[in-house]
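Read through the structure below, which is laid out as structure tokens, and then see the notes.
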Amino acid sequence: MDHPPIIPQRGPQVPLLRQMLNGLGCLLVLPLYYYLTAATRHPLTLDLLLTILAAEYNRFTNERRRRRVSQPAAAAAAAAADPEKPRVVDAHGGPDCMAAVVGYREDPGLFARALNSYRAAEGCRFMLVGIDGDEEADMEMVRVFQNIYPDAPTIHLDTPLGDLATRTFDKLATADLHASAEESYHLASIAHCCDLAREILGEHDLLGGGTGPQQVCIYQPHHSKKAIMFTAFVFSLVLADARGIEYLWSSDSDTLVYADSLRRTVATIAGDPAVGGASSGLLVHNAGDSVVAQLGRIVYWCELYLTRSVATAAGTSDCQSGPSSAFRVTALPGILYPWYTQEVWGHRMIVNEDRHLTTNLLLRGWTVTYVSDTLTATDTPTNLRKWILQQVRWSRSGHIESLQSPTLYLLTSPLFFWAAIKREAGPLLGLGYILYYLCTGASLAYFSWTDLAVRLGYTILYNGLRNPDRSVRTLGLWVGLLPALLFYNLPLPIVHFWSAVTVLEDGWGTSMRSQAAGVVPDTGMWKRWKELGFFVVYMGIVAGVAARILAGHLGYAVLQTERAVWGAVVVGFGAAFWGLVVRE
């Protein structure tokens, strides 16, 4: 081996006493939270206020991290030596990084916009594009890359590096009779892949410093997003090592970055040696494509900004968003193999890529930041079917990562455990409440419409004052706000339940958008029923609940109420079946 291997690093070690205290805190935090919410007539509002406190604490912490980068010790010492000398702070200064962008049969126009957005990205010293596919339809993305960067090389791999890594692991472990720690085989497999990547990059003169092309495109046989991410990460490790780059930005082929997206996100890692990864906030760039996309845009503005902040009460985030993630390069070698080969009950996971990366970082002692005051623009589904299936897929990964590694809560904080249980149990309790009310007409737990209205008012006020996405403050927001909240929150209980029942399914719920791939139908009617039948049934339940509420206000007798309720169930089911299964 001519080049020394890239040495992986771990985050700070959590002392055993701290782990024991965290475990005790996990046992106490849930009864304490229950007591606080049960003792008030406004539990929903109290819950929101706690979330807002977490969001503000998170923003304060991230700003403090960035200040450590923008005001280094040398500048502070100079200012102390000459206090009358004015300080000049470079607003565009900060740590540099390289970017890895991956995709599969993306719309060429959107892909071109995504690539061009990196031209203005501050601190991006090199860009690697990974394409998951090498058939004729996949070459459209390659041609888009070549048109934008005509001098940059393109590299074809006959075999995905993930397959090579698993074969190397099996060969090494078998030859050694599994005598060594499993992690040593992991690292050796990654090192072997890095050696191969270094050889390939050397053949294309990409291992020099600032000379030559600053972009490269790598494409390989179609496998999965996780496979092309693995390949992109391995090549990025070698490129970053050769160029002295400490941080890696990872994104998707449908994502647009702003001038400060990369640098401000990476700065939160650079400003704290305990941080191994970060992700920025998100907004929607295709809101004009459909009503569903416009509602999705408002959901991102109103709900996701706050819900993503809940876990940060513990000082760390529980998920890095795939379109806007950043990593400390030295944190990656130790987690890539276990991330790529994740199994749940013997089932190999291929769509759980983002959250499992975060989990692996946390298990190795790293902190992960959510940079809520920095934005990246992503694409959102344009019809209800794709939106629901996307939510189901995201929820599946949440179930797996929340429950598969309980030691995670000993390494983080009781507040992190509180956020996970709140996320897991809340929608399921909501579903139980809905079903109980449908069948009995009685409330399973305390509920106040006033409490709900106050929570909604505080949500709007806080987002209006503090949400960094200023573009949503239009008439469309106020017209679409209530529909958007219903659009997100109404399906949430059944999405959460169904994703738990089907947690091992690997479907993405979306189709490719490449023009070369042709028009891809959404699926046949039977498949749509298998995908969305749970939601169709739920729409009947929701219609029945609405009918029971209305009947109560109108003073219906018991028999009239039951007829109205179950009649509404049938009508709601039929309407949803027609709209989502037959007509789609």
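Anchor point for the sequence shown: position 207 equals 292 in this note's numbering, and the numbering is continuous, going up by one each time. Glycine included, each C-beta is placed from N, C-alpha and C at the ideal position. Please read these numbers as outputs of a predicted model, since none were measured by experiment.
According to DSSP, is GLY526 helix, strand or coil? coil
Option nearest TYR119 by Cα separation, candidates ILE506, ASP326 and PHE620: ILE506
So, with DSSP's three-state summary, where would you put PHE662? helix
Give me, in chain order, the residues of the same chain whose beta-carbon lies closer than 6 Å to that of ALA661; leave out the 5 immediate sequence neighbours on both sides. VAL621 and MET624
With 16 other CB atoms within 10 Å as the buried threshold, where does ARG349 fall? buried
LYS170 - DSSP class collapsed to helix/strand/coil: Reliability fails at LYS170, whose pLDDT of 46 lies under 50, so the model's placement of it is uncertain and no value is given.
By Cβ distance below 7 Å, which residues in the same chain neighbour VAL656 in space, the five residues on each side in sequence not counted? ALA628
Inter-residue spacing [alpha-carbon to alpha-carbon] between SER269 and CYS279: 15 Å
As assigned by DSSP and simplified to three states, the class of THR296: coil
Contact under 8 Å by Cβ, THR251 with GLY366: no
Can you tell me which of the three DSSP states VAL622 falls into? helix
What residue range is occupied by the uninterrupted beta strand (DSSP E) comprising GLY362? 360-369
Reduced DSSP secondary structure (H/G/I, E/B, other) of MET434: coil
Candidates MET226, PRO93, LEU262 and ALA140, of which the one nearest GLN305 by Cα: MET226
Option nearest THR415 by Cα separation, candidates GLY373, ASP132 and CYS182: CYS182
Roughly how far, in whole angstroms, is the beta-carbon of PRO97 from the beta-carbon of ALA359, given that I think they are within contact range, below 8 Å? 5 Å
Which value, in whole angstroms, describes the spacing of the CA atoms of ARG382 and LEU546? 17 Å
Is there a Cβ from chain C that is less than 8 Å from the Cβ of ALA628? Absent here is chain C; the protein component of the structure consists of one chain.
Considering only their Cβ atoms, is the gap separating ARG150 from ALA411 smaller than 8 Å? no
Quick check: SER409 and SER364, are their CB atoms within less than 8 Å of each other? yes
Selection from LEU617, ARG126 and ALA140 that minimises the alpha carbon distance to THR454: ALA140
Which whole-angstrom value is the C-beta distance of VAL384 and TYR573, which I expect to be below 8 Å? 4 Å
I need the straight-line Cα distance from THR467 to VAL369, nearest angstrom please. 11 Å
Are GLY218 and VAL187 touching if we call contact CB-CB under 8 Å? no
Report all residues from its chain with a CB closer than 8 Å to the CB of GLY238; omit the five preceding and five following residues, and keep chain order. A quick correction: the sequence has Pro, not Gly, at residue 238. Around PRO238: HIS289, LEU291, PRO298, VAL301 and CYS302.
Touching or not, the region 196-216 and the region 319-339, by the rule of three or more beta carbon pairs under 8 Å? yes
Can you tell me whether ARG172 is buried or exposed? The criterion is at least 16 other CB atoms within 10 Å of its CB, across all chains shown. The pLDDT assigned to ARG172 is 38, lower than 50, so where the model puts this residue is not dependable; a value taken from the coordinates is nonetheless given after this. Label assigned to ARG172: exposed.
Could you give the DSSP three-state label for LEU213: helix, strand or coil? strand
Whole-angstrom distance between THR535 and PRO423, CA atom to CA atom: 48 Å
Count the other CB atoms within 10 Å of the CB of GLU616; is the residue buried (16 or more) or exposed (fewer)? buried
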